[in-house]
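Have a look at the structure below, then the notes.
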Amino acid sequence: MYSLGPSFVVTFIVIVLLCLPSRVFRRYLRQLFKTHLKAVLDSPHLDASLGAPLSVYNQITLSPSSTPLPPWNESYSHSNKHPMMSAPADMGSFETVILNGPGDWRRWMAQIQRLASENGIWPLVDPSAADKPVLTRPCEPKASQVNPEAEGPEDLNGYEIHKLEFLYSAYRVQRMDFEKKERALSALNLVVVKTVGRYYNLVAGQQDVVASLALLKDRVQPSDWAIRMEARNRYRALLRCPDMSKIEDWVDSWQLALDEATALDLPDVQGLLPTQDFLQAVSSIDPCFATFWMQTIEHRALENNENWESSIPCGIKISEIFSRTARVNAAAKTPSTDLRLEAYPKCDAHKLQTHFGTLPLHPSTSSFLTGGEDPQLQIGRHAS
């Protein structure tokens, strides 16, 4: 017996299709398109074709997928753990601000704003915004959007199927964005609950982070006048320089207070006032440094050249210069780097420096051990 080859089978199928009545042939094509569309909509490869929906035919098979669309509370192509969910753990990499009072409000809110902005949800939760956008769930497209007379995808022709595919591509992008922001909002609410300090009871029963931030703003946020006064008092309190053992911590605190006062545009930190304040503060522990820069400022002022103030270091820069100078001076006073002669140990027997590189004729050197003259006698003879 002879076996029929695949080419004969294909030819036979084509002949049978050509012999079918046009109505039956159209019905077959419609069923084929219906199966094809279902495979497209259920295929996970659709995400890769979002930029070019018409190319999905090159990426999928004509057999319908057995994988149904995932429910709304599950992600079909992403992990359920949003990066924002690890925010409380990641916050250990920097100083976490705990909201313990009105004085912490600005720094705490800056922390919340940074986390929300990284996930694109700050416009949704900004407590200062009057008209905030609302996160809405996208609607799944239907065949009637393409053809009002169509009851389902099987009633669409080739072009209409392509159009429905495009709508589904846009729908999946919108759904991914919705789910991402929904998870980010839940994670941000967790961060808020963990960092509100003594205001925990105020937001403990809130599941909506927008409502939580609104409650905290009404309860904790100080007035603009109070914020400016507190910043001014913190800056002035740090104009008293401590001893040298705590100089690094003091410089860091002074710089933070200056940055806060500058952000609020306080009159106390305009122009060269921060530089002068800093020099006066350190004059008690390093008068040479303060005198040099005060004389430099006076000299430039007498010259009265155009924009002479720009040649003088600002408050932050002068504090950095002082900090580096203090570190260098502290290192120069340590025994390992002190080059003074009396810093080296002395020989109790001969009362000479035992730094053999400077005095190679010490009795313990090879010249003395080999019968050389006592270096004290040599020194006495040279002195005479």
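With the UniProt record's numbering as the guide, the letters of the sequence shown map in order to residues 1 to 384.
Yeah, the Cβ is synthetic: ideal placement off N, Cα and C, and Gly gets one too.
It should be emphasised that the depicted structure is a prediction, and the values quoted were computed from it without experimental measurement.
query: Mind checking whether residue 263 and residue 232 have CB atoms under 8 Å apart?
result: For residue 263 and residue 232, no; Cβs fall outside 8 Å.
Pick from 223, 202, 129 and 208 that is closest to residue 182, judged by C-alpha positions: 208
task: Thinking residue 194 and residue 127 are a contact (beta carbons under 8 Å), I'd like their distance in whole angstroms, please.
output: Not a contact, Cβ separation roughly 18 Å.
field: Three-way DSSP call (helix, strand, coil) for residue 175 in this model
entry: Looking at residue 175 - three-state DSSP - the assignment turns out to be helix.
- prompt: Are residue 272 and residue 312 close, meaning C-beta to C-beta below 8 Å?
  reply: Cβ atoms of residue 272 and residue 312: closer than 8 Å.
- prompt: Between the segment 245-259 and the segment 191-206, do at least 3 Cβ pairs fall closer than 8 Å?
  reply: In this structure the segment 245-259 does not lie against the segment 191-206, because fewer than three pairs of beta carbons, one per stretch, are closer than 8 Å.
field: For residue 389, the nearest candidate out of 96, 306, 160 and 268 (CA to CA)
entry: Nothing in the structure corresponds to residue 389, since the chain is present only between 1 and 384.
query: Would residue 188 pass as a contact of residue 237 if the rule is Cβ separation under 8 Å?
result: no
- prompt: Whose C-alpha, out of 274, 163 and 296, is nearest the C-alpha of residue 235?
  reply: 274
message: If you follow the alpha helix (DSSP H) that residue 258 is in, where does it begin and where does it stop?
response: Element bounds for residue 258: 247-263.
message: Assuming residue 213 and residue 282 are in contact, meaning their beta carbons sit under 8 Å apart, how far apart are those beta carbons, in whole angstroms?
response: At roughly 42 Å, the Cβ-Cβ gap does not stay under 8 Å, so residue 213 and residue 282 are not in contact.
message: If I measure Cβ to Cβ from residue 254 and keep anything under 6 Å in the same chain, skipping five residues before and after, which residues do I get?
response: Sequence-distant partners of residue 254 (beyond 5 residues in either direction) whose C-beta falls short of 6 Å from its own C-beta, in its chain, are 238.
- prompt: Are the beta-carbon atoms of residue 106 and residue 227 separated by less than 8 Å?
  reply: yes
Where the alpha helix (DSSP H) through residue 325 begins and ends: 315-332
message: Can you look up residue 138 in the DSSP assignment and give me helix, strand or coil?
response: Three-state result, residue 138: coil.
query: When DSSP labels each residue in this structure, what does residue 146 get in the three-state scheme?
result: coil
message: For residue 298, report the span of its alpha helix (DSSP H) as first-last.
response: 287-303
- request: Have a look at residue 202 and residue 286 and give me their C-alpha separation to the nearest angstrom.
  value: C-alpha of residue 202 to C-alpha of residue 286: approximately 50 Å in a straight line.
message: Let's test the definition: count the other Cβ atoms within 10 Å of the Cβ of residue 310 and tell me whether it reaches 16, buried, or not, exposed.
response: exposed
- request: Using 10 angstroms around the beta-carbon of residue 357, count the other beta-carbons present and answer buried if the total reaches 16, otherwise exposed.
  value: Note that residue 357 has pLDDT 38, beneath the 50 cutoff, so the model's placement of it is unreliable and the number below is only indicative. Burial call: exposed.
query: Count the other CB atoms within 10 Å of the CB of residue 101; is the residue buried (16 or more) or exposed (fewer)?
result: exposed
query: Just the Cα atoms here: how many angstroms apart are residue 224 and residue 129?
result: 17 Å
query: According to the Cβ coordinates, are residue 196 and residue 99 closer than 8 Å?
result: yes
message: What does the alpha-carbon distance come out to for the pair residue 118 and residue 268?
response: 34 Å
- prompt: Count the other CB atoms within 10 Å of the CB of residue 332; is the residue buried (16 or more) or exposed (fewer)?
  reply: By the neighbour-count rule (16 or more Cβ atoms within 10 Å), residue 332 is not buried but exposed.
- prompt: With 16 as the cutoff for other CB atoms within 10 Å, does residue 148 come out buried or exposed?
  reply: exposed
Own chain partners of residue 150 with C-beta closer than 8 Å, once the 5 adjacent residues on each side are dropped: 143, 144, 156 and 160
query: Looking at the unbroken alpha helix (DSSP H) that takes in residue 129, where does it start and where does it end?
result: Counting along the chain, residue 129 falls outside any alpha helix (DSSP H), and DSSP gives it neither H nor E.
message: I'd like to confirm something about residue 306: is its beta-carbon nearer than 7 Å to some heavy atom of the ligand HEM, or not?
response: Here there are no bound small molecules, and the ligand HEM is not part of this structure.
field: As assigned by DSSP and simplified to three states, the class of residue 242
entry: coil
field: Check whether residue 191 and residue 163 have beta carbons under 8 Å apart
entry: Not in contact: residue 191 and residue 163 (Cβ atoms no closer than 8 Å).
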